[in-house]
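Residue numbers (our numbering): 170 to 463.
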Ligand code: PBE
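Here is the structure:
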């Protein structure tokens, strides 16, 4: 159940940016913002909706000189930390809830064209037939609902080096009242097997481990399977995964939702008020995605 993060090659993307000489100590630029970061936006895994939204942003804001570097969530945060520690400029694809906002002083670049959409939700999706086959797990998944602040508690612990399973277990123990709203009316089971899929995004590592701990305490034998976003949706649709708490809707995963529509059950939001966009350190002297064109 321990999730192993793969450090993608994209972390290298920040190297050139950090060697760039067109900057002062404060990270503001003598030359253009683009030159200061080598025209690189540090992205995450290609299956993420955030990457599709960023490709759309490059198009909409006419940023044809720019490259969006593919990698992983872990590579993105590593590149960010490296630049931030040296007060160097960097632009990353980011989202909320994320521990980065409690560890660093950051800002979203304004998105006047609304390419990244507004606030949305994280939904829980289940394979067809889960309600009949595993009514207790289904009920917990259906009742699972928490806030960004609650998720952040777990994420920060994991970032500080705690094992995700342990961090989730501690959170579940410390938040028994909240957890009891998820397990209300749920009968215990005896070792029934449940497989949850997730992508190695920090937010989903936290939520998936929390729900896994709750199901484990109810007597389930839980397997967590880490996948890319596409295979995750396909897995829920073909029934090889029982469920996932990682569906960002209605916008971010709209294409997956469409593609597999009718082949999964949407259990509704487990969190409301998420956000996506381009994120920079607060010390950078830009405010809007439009500033990247200059
Ligand atoms: N994220 C985190 C995902 C959803 C969860 C914003 C990186 C995505 O873009 O698909």
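Glycine residues also receive a C-beta, built at the ideal position from the N, C-alpha and C atoms.
Three-state secondary structure assigned by DSSP to residue 318 | Residue 318 sits at position 149 when you count from the first residue of the chain shown. Residue 318: helix per DSSP, three-state reduction.
Use the C-beta contact count for residue 372: other C-beta atoms within 10 angstroms, 16 or more gives buried, fewer gives exposed.
-> Here residue 372 refers to the residue found at position 203 of the chain shown. When all chains shown are included, residue 372 counts as buried.
Does the beta carbon of residue 218 fall short of 7 Å from some heavy atom of the ligand PBE?
-> In the chain shown, residue 218 corresponds to position 49, counting from 1. Yes - the ligand PBE has a heavy atom lying nearer than 7 Å to the Cβ of residue 218.
The ligand PBE heavy atoms versus the CB of residue 421: any closer than 7 Å?
-> For the purposes of this step, residue 421 is taken as residue 252 along the chain shown, with counting starting at 1. Yes, the beta carbon of residue 421 sits closer than 7 Å to at least one heavy atom of the ligand PBE.
Just to confirm, does residue 417 get its C-beta within under 7 Å of one of the non-hydrogen atoms of the ligand PBE?
-> Indexing the chain shown from 1 puts residue 417 at position 248. True, at least one ligand heavy atom lies under 7 Å from that Cβ.
Just the Cα atoms here: how many angstroms apart are residue 197 and residue 437?
-> Within the chain shown, residue 197 is the residue found at index 28, counting from 1. Within the chain shown, residue 437 is the residue found at index 268, counting from 1. Reliability fails at residue 197, whose pLDDT of 48 lies under 50, so the model's placement of it is uncertain and no value is given.
Pull up the distance between the alpha-carbon of residue 328 and that of residue 212, whole angstroms please.
-> Along the chain shown, read from residue 1 onward, the residue named residue 328 stands at position 159. Along the chain shown, read from residue 1 onward, the residue named residue 212 stands at position 43. Our two residues, residue 328 and residue 212, have alpha carbons roughly 19 Å apart in a direct line.
Cβ shell of residue 399 (< 8 Å), same chain only, five flanking positions each side left out = As a first step, residue 399 is located in the chain shown; it is residue number 230 there, counting from the start. Excluding sequence neighbours, residue 399 sits near 216, 425.
Residue 370 beta carbon near the ligand PBE (any heavy atom closer than 7 Å) | Locating residue 370 in the chain shown gives position 201, counting from the first residue. Correct: residue 370 has its Cβ closer than 7 Å to the ligand PBE.
Take the Cβ of residue 225 as the centre, count every other Cβ of all protein chains shown within 10 Å, and call the residue buried at 16 or more, exposed below.
-> Numbered from its first residue, the chain shown carries residue 225 at position 56. Burial state of residue 225 is exposed, judged by a 10 Å Cβ sphere holding fewer than 16 other Cβ atoms.
Go ahead and pull the three-state DSSP assignment for residue 413.
-> Along the chain shown, one-based indexing puts residue 413 at 244. Residue state, collapsed to three classes: strand.
Closest by C-alpha distance to residue 411, when choosing among 203, 208, 317, 377 | On the chain shown, position 242 is the one that residue 411 refers to. Closest by alpha carbon: 377.
When the Cα of residue 355 is compared with those of 390, 319, 312, which residue comes out closest?
-> Position 186 of the chain shown holds residue 355. If we check each option's Cα against that of residue 355, 312 comes out closest.
Alpha-carbon spacing of residue 338 relative to residue 379, whole angstroms | The count along the chain shown starts at 1 and reaches residue 338 at position 169. The count along the chain shown starts at 1 and reaches residue 379 at position 210. Rounded to the nearest angstrom, the two C-alpha atoms are 7 Å apart.
Start-to-end residues for the beta strand (DSSP E) that takes in residue 264 | Translated into the one-based positions of the chain shown, residue 264 becomes position 95. Run containing residue 264: 261 to 265, per the beta strand (DSSP E) assignment.
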